[in-house]
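Engineer: As you go down the protein sequences, you meet chains A and B in turn.
Numbers 1 to 214, taken from this note's numbering, label the letters of the first sequence in order.
Numbers 1001 to 1214, taken from this note's numbering, label the letters of the second sequence in order.
Protein chains: 2
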Amino acid sequence: MSRSGGSAPQRDTPVLTERGGVRRAAILEAALRVIGDKGLAGLSMRAIATEAGLPLGALGYYFKTKDDLILEAFELHTRREADRVLAAFAGVGSGDHADDVAEHLTAFIRHGLTEARTSLVAEYEFLIEATRRPDLARVSRAWRQALQIQVGHVASRLGSDDPGTDAEILLSVVAGLEIDHLSTPLDPSTTQAIRAALRRTVTRLGLRGDAERL
Amino acid sequence: MSRSGGSAPQRDTPVLTERGGVRRAAILEAALRVIGDKGLAGLSMRAIATEAGLPLGALGYYFKTKDDLILEAFELHTRREADRVLAAFAGVGSGDHADDVAEHLTAFIRHGLTEARTSLVAEYEFLIEATRRPDLARVSRAWRQALQIQVGHVASRLGSDDPGTDAEILLSVVAGLEIDHLSTPLDPSTTQAIRAALRRTVTRLGLRGDAERL
DNA sequence: CTGAAACTGGAACGAACGTACAACTCACTT
DNA sequence: AAGTGAGTTGTACGTTCGTTCCAGTTTCAG
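(1) In chain B, what lies closer than 8 Å to A:I128 by C-beta?
(2) Buried or exposed for A:Q192, please, with buried defined as at least 16 other CB atoms from any protein chain shown within 10 angstroms of its CB.
(3) Please indicate yes or no: does the CB of B:R1204 lie closer than 7 Å to some heavy atom of the ligand GDP?
(4) Does the CB of A:E168 have a neighbour CB from chain B at under 8 Å?
(5) I need the boundaries of the alpha helix (DSSP H) containing A:P134, first residue and last residue.
(6) Taking all protein chains shown into account, decide if A:V202 is buried (16 or more other Cβ within 10 angstroms of its Cβ) or exposed.
(7) Classify B:S1172 as helix, strand or coil using the three-state DSSP reduction.
(8) Shorter than 8 Å from the beta carbon of B:G1176 to some beta carbon of chain A?
(9) Pick out whichever of B:L1113, B:E1051 and B:A1041 has its Cα sitting closest to the Cα of B:T1184.
(10) For B:M1045, collect the residues of the same chain with a Cβ closer than 7 Å to its Cβ; drop the 5 residues on either side in sequence, then sort them by chain order.
(11) List, in chain order, every chain A residue whose beta-carbon is nearer than 8 Å to that of B:V1173.
(12) What separation, rounded to the nearest whole angstrom, lies between the Cα atoms of A:D166 and B:V1085?
(13) Using a cut-off of 9 Å between C-beta atoms, extract the partners of A:S160 located in chain B.
(14) If you run the structure through DSSP and keep just helix, strand and coil, what is B:F1089?
(15) If we cut at 8 Å on Cβ distances, does A:L205 have a partner in chain B?
(16) Can you give the beta carbon distance from A:V34 to A:E51, rounded, assuming they're within the 8 Å contact cut?
(17) Check for me: the alpha helix (DSSP H) holding B:P1188 runs from which residue to which?
(18) Count the other C-beta atoms from every protein chain shown that fall within 10 angstroms of the C-beta of B:R1195, then say buried if there are 16 or more, exposed otherwise.
(19) Name the chain B residues whose beta carbon is nearer than 7 Å to that of A:R141?
(20) Compare the C-alpha of B:V1154 against each of B:E1115, B:G1091 and B:V1173 and name the closest.
(21) Around the Cβ of A:S140, are there at least 16 other Cβ atoms within 10 angstroms (buried) or fewer (exposed)?
(22) With distance defined between alpha-carbon atoms, name the residue in A:L147, A:A116 and A:A31 nearest to A:L69.
(23) Am I right that A:A88 and A:R208 are in contact with their C-beta atoms under 8 Å? What's the rounded C-beta distance?
(24) DSSP three-state label for A:D68, please.
(25) Output yes if chain A places a C-beta closer than 8 Å to the C-beta of B:R996; else output no.
(26) Quick check: the Cα distance between B:A1025 and A:R24, rounded to an integer number of angstroms?
(27) Going by the CB atoms, is the gap between B:A1049 and B:K1038 shorter than 8 Å?
(28) Tell me, please, whether the CB atom of B:T1106 is closer than 8 Å to any CB atom in chain A?
(29) Residue range of the alpha helix (DSSP H) that A:T106 falls in?
(30) Would you mind sorting A:S4 into buried or exposed? The rule is 16 or more other CB atoms within 10 Å of its CB.
(31) Is the beta carbon of B:R1199 closer than 8 Å to that of B:A1102?
(32) Within 10 angstroms of the Cβ of A:I149, are there 16 or more other Cβ atoms? Answer buried if so, exposed if not.
(33) Would a check of beta-carbon distances place B:R1144 closer than 8 Å to chain A?
(34) I need the straight-line Cα distance from A:I179 to A:Y62, nearest angstrom please.
(35) Taking the alpha helix (DSSP H) that A:A116 belongs to, which residues open and close that run?
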């Protein structure tokens, strides 16, 4: 009734065509890349547009505000990352020894600190920003809760007598190792230190698939 | 020879009077506060000036650029925090049980998530930014190394047979717990979960002062 | 074919940004 | 009394920012 020209599809059903959906997705991907290597402080609508190879005006069409865009980018990231974590732990079988479990975790962190570094940096950018933005905090909480449940199941499968606490410990150790080694180039000795910490943690927690069940 | 007016004391000895030093320090404190509750993305010279109750021009006098100011603020923070960590662990005696050690760590995290929340958020802002800025990365690395050495000494005092690895684990767990609970208000059940994770970690690592020495 | 709706993209807006600057005050030496 | 230089501050510069706008094109159901 009111809107005349080609305004943005703000509320209700956006009704995107296929081409529209592709562009929208490209914008979110570009945003994640920019956040990963320039940070949220360096994130501008123009930088996103350039990264995506789109005119500035396109961003206003698909996203009402920059904050909306950031929220959706975070949601996209958590969806993707949840799948990745699930896949990583799917490889942890009940026949594994503690060292095998530690090796899986080491590989996971190694990947995050090298090939997926941009994505990992973006993740922590989001987590910090969630401190100030309730909408991001909701996403962050939901994600963290889902992670803990999943890891809890794995811990249980590995014979933990307190899966919830073990999940909390494992997630914290992994997050801490990531953070602490983000500003350092990942040399072999660092990888060894990470491996040692994970081995010791997993071993001392008694997480191995061949443990007798209760 | 060249400078005429009251330009900034950029290179060589700045020659600050007492009043000048006070103002400089006030600016750094204000910057830390702003970073803590608006983030580096929300940090502007004007915001710092307002927070410090000073005119905008004062900032240009004491700091050549915004990046210089950020670097100095980070250095100030690490100096302060190193002292705080040292003080926290000074309370861990060799007669303590594992639960006492865990309680010290719980109190440390609790303080960071409540009273010192602003400072903690600022800390992680710096750590993420250090990913992109070599000067911040140097400070971050030096700080992290000093922490690990200190915590290693404590672990050794508590009977660890691998103090380096135990220090890495402890620092990571603490960092991870902080990060994971930053976007959540700290309710009693959360505190309990943190305590449980720390108890289990410390106990399983066998960190207690009454252990026999080698 | 025709109209409506999705989509495009360049231009332009006011606001906020980092930084530079110059005139000023004040404490202190000579 | 004159001078020197640290300290002070309001102002203004050029740039970049998020957002809006609108004339235009494409797509597709009726």
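The beta-carbon is built from N, C-alpha and C at its ideal position, and this holds for glycine as well.
Quick caveat, the model's predicted, so the values are computed rather than measured.
Structural biologist: With the structure as the only source:
(1) G1039, V1121, Y1124, E1125, I1128 and L1182
(2) exposed
(3) The ligand GDP is not part of this structure, which contains no ligands at all.
(4) yes
(5) P134 to R157
(6) buried
(7) helix
(8) yes
(9) B:L1113
(10) L1056, L1059 and K1066
(11) I169, S172, V173 and G176
(12) 25 Å
(13) Those within 9 Å of A:S160 in chain B number zero; the least Cβ separation is about 10 Å.
(14) helix
(15) yes
(16) 5 Å
(17) P1188 to R1204
(18) buried
(19) S1183 and T1184
(20) B:G1091
(21) buried
(22) A:A31
(23) Not really, about 18 Å apart at Cβ, beyond 8 Å.
(24) helix
(25) In the structure as shown, chain B starts at 1001 and stops at 1214, and residue 996 of chain B therefore has no counterpart that could be examined.
(26) 46 Å
(27) no
(28) no
(29) A98 to L113
(30) The pLDDT assigned to A:S4 is 40, lower than 50, so where the model puts this residue is not dependable, and the model offers no usable value.
(31) yes
(32) exposed
(33) yes
(34) 33 Å
(35) Premise fails: A:A116 is in no alpha helix (DSSP H) and is neither H nor E.
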